[in-house]
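Going from the sequence shown to my numbering is simple: count from 1 and add 383. Idealized CB from N, CA, C, for every residue including glycine. It should be emphasised that the depicted structure is a prediction, and the values quoted were computed from it without experimental measurement. Below you'll find the structure, written out as structure tokens, and then a few comments.
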Amino acid sequence: MSTQFNKRMLNTKWYILFQKTTMLLRVIVNLACIKKVTLPKVLSSVVEFKEILCDKLKIDQNFVIQYEDPDFDGQLCNLRNIEELPSEKVTLKIIWETAAVAEPTRNESTGFETDFTLNTASISSNLSSPSSSTVREERWPRVFLIPNFSYDVEFRLRKANEVYEKQNTTIDVTRDIKIEILEKLAETMYSFKAFPSDSEIEQVALALVSRHPCLRELGCDTGCKGWKMSLKFKMGNYRQNLRNAGCSELDNKRDDGSRVPHKKPRRSEINFLPDNPVGLDDAALEHEREQLELEVKKRNMDMTKLNTKMETTFPLRRKEIVNEQPLVSVIKERWPGLFLEEQVSYNLCVHYFVLIVYRFYFSQIFILSLPQVCAEFQRITCVDLKTAFMTVLNKYSNALIKMYRAKSKDLGDDMKRILDHFDEQTTDILSHRHATALRGLPLYLRDRDAISKTCLDTDLEETYTRGVKLGILEVTEDDISQTKKKCLNYSIILEGTVVMEDPPDFSTAFMVLFGLLYALSIEYSKGLKYTFEAVQNIFVGWGQKCTNRVQSLNNKLLTV
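What follows is the structure in structure tokens.
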């Protein structure tokens, strides 16, 4: 009887402690975006509060926070001191300091920025993942929030933090405390990334000693050097335990039994090789694949059903593509749904309608449809490719063309032809500007291959696709009476074969080609290495370590 009573008391104490260390927020970003957010209550300043909100909401910091003040019957007041916030629950309103109506956002990367991000939560739900899915749904956060530990550890750390504030003395970290902290942090880190980088591990260690200053280590500048090393070793042990349990993402055995390790994610893939959904084995997923194949053959496809099956079979598809590395033609035969030209989504139309209301010019950028390859890209990277790519392209296309013109004499006749073709256009200028910016990118970055080829509609297609590892084929009208050749359609080439046809414009074809490289786990062509590296780091905005050539391009774009 006493044991049950003690357990109830322990659970009650833990619940009370959890309640005291969390805060529930209702955040009004704009009229179309009102979110519920849970944050740690232990906040030191308004600056830290804004950083956490930026990470949770994926917004930039050029805003003022207003809160409903209970002293004035819920009237809004500017937040100047963190102590002014009401306890437990509060409604906040974001007031933008710029004139733009829609919220400008900053990507997670360092130094690579975009000025607009679509909230894709509803889009993700439309590509509905089963509740038993094992795939990750979030990228590594810009501000890492330290999770709550067990009741006894949290209690001891809270008391030690109070002593640290008064006497500046740190806690004697016992073995059980260290094990609990490292285990919980490793679990949280793995939920975002299986192989965090050195800087990301250091970010977690800094966040730990920032929230719990009693854990700081004397004798080093950061106060967390030892914690960083411990986290690094703990992550290795954590991965080994999962590997021993049969985790597909970490398994170093191939299907043939050899111990040649699988490829690791090296291009910011979040779900590189996910496990099967709970309760579904390979045989069950193969049955789902067969049903998916039948659905694609129907004249009137059920897109909701197709999306659900594409989501469910995602682990099987990745296992085949990454482990077996089949030819693109084989993948297209087994997974025809991956190469669907367009799929229209009602929820997407609603979101884009909101975008058009807020920013009219976006109606010229976004097509109210989502290629399936973009959905696959989002499953792999947790990034909405179409929004990220087209937003940055619209932002930097003018600057890129200016840079091309400034160096046109050094870039040869090919660049001159691209710029002259753009200058001749009198209609659909935005689309031609985007195409010019993308066509000139390989030349400006001094890649040895071209991203596209041009042929006449009377030419034999195989002549232009044979031996082409990847690229875009532009088919123009064979009419000698016209001085300007009209482009009839675009085709995407992979491994010497046309895999997709008739994208609406060149920029969409380029975007889909980039998405296919991720969806099919194809390495960047050596002849277009810098072009795709620039797309990955600047257009998609991951901002990883990049070559000096691409870093130089990014620096110039920020100053033009």
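Check your understanding: For L896, does the three-state DSSP call read helix, strand or coil?
Key -> Note: L896 maps to helix in three-state DSSP.
Point to revise | Sufficient close CB pairs (3 or more, under 8 angstroms) joining the stretch 524-536 to the stretch 652-660 | key: Contact fails: fewer than three Cβ-Cβ distances are below 8 angstroms.
Exercise for review: Alpha carbon to alpha carbon, how far is L689 from M798? Give it in angstroms, no decimals.
Suggested key: Within the model, the alpha-carbon separation for M798 versus L689 is close to 43 angstroms.
Practice item. Round the Cβ separation of E537 and N531 to the nearest angstrom and send it over; I've been treating them as touching at under 8 angstroms. Key: 6 angstroms between Cβ atoms; contact.
Exercise for review: Evaluate H670 with the Cβ neighbour count: other Cβ atoms within 10 Å of its Cβ, from every protein chain shown; 16 or more gives buried, anything less gives exposed.
Suggested key: With fewer than 16 Cβ atoms within 10 Å of its Cβ, H670 is classed as exposed.
Review point. Looking only at its own chain, which residues have a Cβ that is under 8 angstroms from the Cβ of P453, when we skip the five neighbours before and after it?
Key: Correct list, in chain order: P469.
Point to revise | K769, buried or exposed, once every other Cβ within 10 Å from all chains shown has been counted against 16 | key: The Cβ neighbour count for K769, taken over all protein chains shown within 10 Å, is at least 16; the residue is labelled buried.
Check your understanding: Going by beta carbon distance, what residues of the same chain come within less than 8 angstroms of L944, once the five residues before and after it are set aside?
Key -> No answer is possible for residue 944: the residues shown for the chain start at 384 and end at 943.
Review point. Exposed or buried, what is K785 when buried is set at 16 or more other beta-carbons lying within 10 Å of its beta-carbon?
Key: In summary, K785 is exposed, with fewer than 16 beta-carbon neighbours lying within 10 Å of its beta-carbon over all protein chains present.
Review point. Anyone know if the C-beta pair for I801 and L826 falls short of 9 angstroms?
Key: Yes, these two residues count as a Cβ contact at 9 angstroms.
**Study point:** C-beta contact flag for F334 and F922 at 9 angstroms
**Key:** In the structure as shown, the chain starts at 384 and stops at 943, and residue 334 therefore has no counterpart that could be examined.
Practice item. Reducing DSSP to helix, strand and coil, say where S780 ends up. Key: Per DSSP, reduced to three states, the secondary structure at S780 is helical.
**Study point:** Nearest candidate by alpha-carbon position, reference N706, set V420, L407, L903
**Key:** For N706, the nearest C-alpha among the options comes from L903.
**Study point:** Under the three-state DSSP convention, the category C765 falls into
**Key:** For C765, the three-state secondary structure derived from DSSP is coil.
Practice item. May I have the straight-line CA-CA distance separating L663 from R626, to the nearest angstrom? Key: The straight-line gap separating the alpha-carbon atoms of L663 and R626 is approximately 19 angstroms.
Check your understanding: When DSSP builds the beta bridges, which residues end up paired with I875?
Key -> Looking at the DSSP assignment, I875 forms a beta bridge with I855, M883.
Practice item. Compare the C-alpha of D559 against each of E844, C603, R539, C460 and name the closest. Key: Comparing Cα positions, the closest option is R539.
Point to revise | Member of H804, V943, I435 whose CA lies at the smallest distance from the CA of H817 | key: It is H804 whose Cα lies nearest to the Cα of H817.
Practice item. Determine the direct distance from the alpha carbon of F616 to that of D581, and round the result to whole angstroms. Key: Distance between the alpha carbons of D581 and F616 is about 12 angstroms.
**Study point:** Whole-angstrom distance between G795 and L824, CA atom to CA atom
**Key:** Straight-line spacing of the CA atoms in L824 and G795 works out to 13 angstroms.
Point to revise | Terminal residues of the alpha helix (DSSP H) in which S574 lies | key: Looking at the DSSP string, the run of the alpha helix (DSSP H) that includes S574 is 558-575.
Practice item. May I ask which residues mark the beginning and end of the beta strand (DSSP E) holding M406? Key: For M406, the uninterrupted beta strand (DSSP E) run begins and ends at 405-413, by DSSP.
Check your understanding: Name the DSSP beta bridge partners of K419, please?
Key -> R409, per the DSSP bridge assignment.
Review point. Taking C-alpha atoms, which residue in E434, L475, T552 lies nearest to R409?
Key: Relative to R409, the option among E434, L475, T552 whose CA is nearest is L475.
Exercise for review: Starting from the C-beta of D555, find all residues in its chain whose C-beta is less than 7 angstroms away, skip the five residues before and the five after it, and write them out in chain order.
Suggested key: Around D555: no qualifying Cβ.
Check your understanding: Considering Q458, what are the terminal residues of the beta strand (DSSP E) in which it resides?
Key -> Start and end: 458-461.
Exercise for review: Report the residue ranges of all beta strand (DSSP E) runs contained in full by the stretch 652-725; include only those spanning at least 3 residues, in chain order.
Suggested key: Within the stretch 652-725, no beta strand (DSSP E) run of at least 3 residues lies entirely inside it.
Practice item. Output the distance between the C-alpha atoms of L668 and D604, rounded to the nearest integer angstrom. Key: The straight-line gap separating the alpha-carbon atoms of L668 and D604 is approximately 52 angstroms.
Check your understanding: Shortest alpha-carbon distance to N620 belongs to which of V858, A577, L598?
Key -> Distance from the Cα of N620 is smallest, within the candidate group V858, A577, L598, for A577.
Exercise for review: Report the partner residues of C838 according to the DSSP bridge assignment.
Suggested key: According to DSSP, which records beta bridges pairwise, C838 is partnered with V858.
**Study point:** Bridge-paired residues (DSSP) for I478
**Key:** According to DSSP, I478 bridges with V447.
Review point. What residues in its chain sit with their C-beta under 6 angstroms from that of F743, if we drop five residues either side in the sequence?
Key: With a pLDDT of only 36 at F743, under 50, the local geometry of the prediction cannot be trusted, and the value read off the model is given with reservation. Answer for F743: no residue qualifies.
Check your understanding: Which value, in whole angstroms, describes the spacing of the CA atoms of R541 and S428?
Key -> In a straight line, the C-alpha of R541 is about 18 angstroms away from that of S428.
**Study point:** Beta-bridge partners of C870, as assigned by DSSP
**Key:** In the DSSP secondary-structure assignment, C870 is bridged to T859.
Practice item. Whole angstroms is fine: what's the gap from Y547's alpha carbon to C597's? Key: About 6 angstroms.
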